[in-house]
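Protein chains in written order, with the working numbering: chain F, 6 to 461; chain X, 6 to 461.
Since the structure comes first, as structure tokens, the remarks are kept for the end.
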């Protein structure tokens, strides 16, 4: 095959990186890209050229630089040179070809810094800015690093369904999926989806939703492949307007069979994130809220509540900490930022505030689970051992007021070849936010969706 | 950081592959997995053990093998041995621990071969069979090989939105996404989504759909990053019941800036697929319908119609081939299977049967596009140069009876820094089908969705 592939050298113009890597100083090359900025001096113009992946400085005579402005797409012919002072490379342009202009009076992405809201309103153009371009690169490289870590550690990548008839109970409200209202059918667009009235049958035979977590489906595959993971879009129809919630977001989720302790799960979380982030080019890592060099903290929920109550008696929280109640944002921040000064795993929460599938501890009160709290961002990940005992799981379903029939297939996983197992989910945008230092999740996805907003 | 990571050796039981790779012959090891089959002989029982990723034969005394059957989950302690005849490795078990049984009278995944429909009805268990397990492995490895090829060739991975207010016009009917009917809210579940009547506001400010193609959003990013790609779920609300269509499927899509010919695009398609498939372990490749060793064919639509008409005059097709009409399945099969005996790119279709965004050729009749037809499967990929000229694109939108306002952001990409560019989409399940030889697409996704069917 190599012979055939040899012939198939890609007939694409070389990227800036490819061209500069393979061209010697003084030799000719052509570059294609967009102009990020132009600075005119008397005898020379300095053009900052980018093709997204790489940037380079191009020097041009004032004549050649005429008509070039931020956003213009060009081909530059010239020769590669080493910049005498900085020893970086640059290109001395001898010819330019303009593909498309970007008139300065209307182009929404000028050189000046833009407000976040302006950038979000122009999400179709904002990847051209260095700040959002940085996020694009980070998503690419972090995805690769994570996939490689999981592959190297014997995990199999699974692509679970987005449309589901199950939901991961307790994870929040789900979007519903209906047919018959597509743009492709103008007549139907005026009809409302109305399968409840049975005037037209649903597209699927019963209500279908967008997945809120791939966990249940991953567990099914973990009954055949001992280590599985997914990096997939998930959805919550929550009306939240905070900077920490999106209606569509990505989750890294993993399920591991033959695991019998929460410590094993937290180790996988800590190891995978540290390794993946450690594998990134340092220029992509803007903050070390992850404290890569430090061992992360781990305390039980009961210990956490004790610590919070001690602090509360000295300097009261807004919400008094109480065993049996969820930890509030102010509590989580105190534990991560002041007690541990690092990410911290809080383990063994009360069963009463956690979903039915988490494995009961012998104390009869708590479940074998964890949340990972990170300074500055709060909850980054969560996971648990999953209840693998059929009778206990059935009791949990009844106790939660759920229908056993709905979960019959999930119960089958315990009826046949059940194994002790557990898993976790990491909020991918939150991880990107921690690494990039971009605090608003609406700016670490390219086209953010939240309540009231689904542009483009 | 390496010191911290050193301490963090994963506290997981070793997989079969990890354990056998690091254990010398005659040395002790423990394996965890599921029993695929048991064969009892007088003095020894032969157990086929798997953890999904790897398989191994375990020999046990009849006493130790008691109670083991297909589907049972076990830990086996024993020692590694080289099988005297075959020189393969096996394990001589000295102790077994059963985690979960799989009673032979009810377990739906017995050793015998199951019909496809039975397996689909038990999609939560079918990854335990060797045939579907094979598909799981193939998806994992093919995904990795494709990501690596695109990364190595300077493409940036983009994760475009699943929920969209745009649609890739002409690609088919879209599912609509509505809120307020999630399981999490029983009261609301009885309400029908009815934003058309404005009794309750839509979750987003206007109708939202599941994406039918990531192309338009990828094009936006390709205006900043010259080479981008995605491997993402896409959706069609089509009532098709054929083995070649799914309501939810994955697409590999790419957009490339500064490209000016269809040949460049077809080269990228041919090179990426051949390289990725060539990088797979040969045990994963069941068919060579892709003719990896052979250069793929390429003819124009006009030439194709000429060839079809010649054949039609001798041995008539059911649908007479006509210039200006879409190629029928029987035409496509003839071209790929009989004329070319290899995958073949058909280029430059009539503008009248293609979407508005494809770039017009100078002949005024055809557009710069291609379909890739593959023996046995039909259309595997399609792509085109995208119309980068603002005035031509506006005319196309008008001509197609579409609303310029809807596509205003897409037109912006031509208003500011427009470049010649093109892209393509490959049906990921169709590619998996060609490689695996599994002809029904419902069996190359783990939880298939089609009209009338969304189980699990």
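Glycine included, C-beta positions come from ideal geometry on N, C-alpha and C.
No experiment lies behind these values; they were computed from the predicted model shown.
Can you confirm whether residue i, when its beta carbon is compared against all beta carbons of chain F, has any partner nearer than 8 angstroms?
| i | result |
| --- | --- |
| residue 203(X) | Note that residue 203(X) has pLDDT 39, beneath the 50 cutoff, so the model's placement of it is unreliable and no number is given. |
| residue 459(X) | yes |
| residue 331(X) | no |
| residue 274(X) | no |
| residue 447(X) | no |
| residue 319(X) | no |
| residue 3(X) | Chain X is shown only over 6 to 461; residue 3(X) falls outside these bounds and no answer can be derived. |
| residue 443(X) | no |
| residue 257(X) | no |
| residue 325(X) | no |
| residue 315(X) | no |
| residue 357(X) | no |
| residue 385(X) | no |
| residue 248(X) | no |
| residue 56(X) | yes |
| residue 167(X) | yes |
From what residue to what residue does the alpha helix (DSSP H) around residue i run?
| i | result |
| --- | --- |
| residue 322(X) | It is not in any alpha helix (DSSP H) - residue 322(X) carries neither H nor E in the DSSP assignment. |
| residue 141(F) | 135-157 |
| residue 398(X) | 395-404 |
| residue 438(F) | 433-441 |
| residue 23(F) | 21-26 |
| residue 418(X) | 413-420 |
| residue 346(X) | From DSSP, residue 346(X) is part of no alpha helix (DSSP H); its letter is neither H nor E. |
Any idea if residue i is buried or exposed, counting beta-carbon neighbours within 10 angstroms, 16 or more meaning buried?
| i | result |
| --- | --- |
| residue 319(X) | exposed |
| residue 154(F) | buried |
| residue 358(X) | exposed |
| residue 58(X) | buried |
| residue 67(F) | exposed |
| residue 145(F) | buried |
| residue 426(X) | buried |
| residue 102(X) | exposed |
| residue 127(X) | buried |
If you draw a straight line from the alpha carbon of residue i to that of residue j, how long is it in whole angstroms?
| i | j | result |
| --- | --- | --- |
| residue 218(X) | residue 429(X) | 10 angstroms |
| residue 156(F) | residue 281(F) | 12 angstroms |
| residue 273(X) | residue 15(F) | 6 angstroms |
| residue 170(X) | residue 36(X) | 50 angstroms |
| residue 63(X) | residue 28(X) | 15 angstroms |
| residue 39(X) | residue 60(X) | 10 angstroms |
| residue 30(F) | residue 81(F) | 16 angstroms |
| residue 271(F) | residue 278(F) | 11 angstroms |
| residue 138(F) | residue 229(X) | 8 angstroms |
| residue 337(X) | residue 115(X) | 40 angstroms |
| residue 453(F) | residue 237(X) | 16 angstroms |
| residue 314(X) | residue 340(X) | 12 angstroms |
| residue 225(X) | residue 391(X) | 12 angstroms |
Check whether chain C comes within 8 angstroms of residue i, counting only Cβ atoms and requiring the distance to be less than that.
| i | result |
| --- | --- |
| residue 425(F) | As a matter of chain content, chain C is missing from the structure shown, whose protein chains are F and X. |
Return the first residue and the last residue of the beta strand (DSSP E) that residue i is part of.
| i | result |
| --- | --- |
| residue 234(X) | 232-240 |
| residue 122(X) | Note, residue 122(X): premise wrong, no beta strand (DSSP E); alpha helix (DSSP H) at 121-126. |
| residue 102(F) | 94-105 |
| residue 215(X) | 213-215 |
| residue 62(F) | 60-65 |
| residue 33(F) | 33-45 |
| residue 87(F) | 78-87 |
Kindly say whether residue i, judged by its beta-carbon, lies nearer than 8 angstroms to any beta-carbon of chain X.
| i | result |
| --- | --- |
| residue 20(F) | yes |
| residue 115(F) | no |
| residue 210(F) | yes |
| residue 158(F) | yes |
| residue 192(F) | Note that residue 192(F) scores 35 on pLDDT, short of 50, meaning its location in the model is unreliable; the coordinates nonetheless yield the value given after this. Not closer than 8 angstroms to any Cβ of chain X, the Cβ of residue 192(F) fails to qualify, so no. |
| residue 269(F) | yes |
| residue 23(F) | yes |
| residue 144(F) | yes |
>> Tell me whether the stretch 40-49 of chain X and the stretch 84-92 of chain X touch, counting them as touching only if at least three CB pairs, one residue from each stretch, are closer than 8 angstroms.
In response: no
> On the three-pair Cβ rule with 8 angstroms, is the stretch 121-133 of chain X touching the stretch 438-445 of chain F?
Replying inline: no
> On the three-pair Cβ rule with 8 angstroms, is the stretch 304-320 of chain F touching the stretch 402-412 of chain F?
Replying inline: no
>> Check whether the stretch 210-228 of chain X and the stretch 419-437 of chain X touch, using three or more Cβ-Cβ pairs below 8 angstroms as the test.
In response: yes
>> I want to know whether the stretch 368-375 of chain X touches the stretch 255-274 of chain X - three or more CB-CB distances under 8 angstroms.
In response: yes
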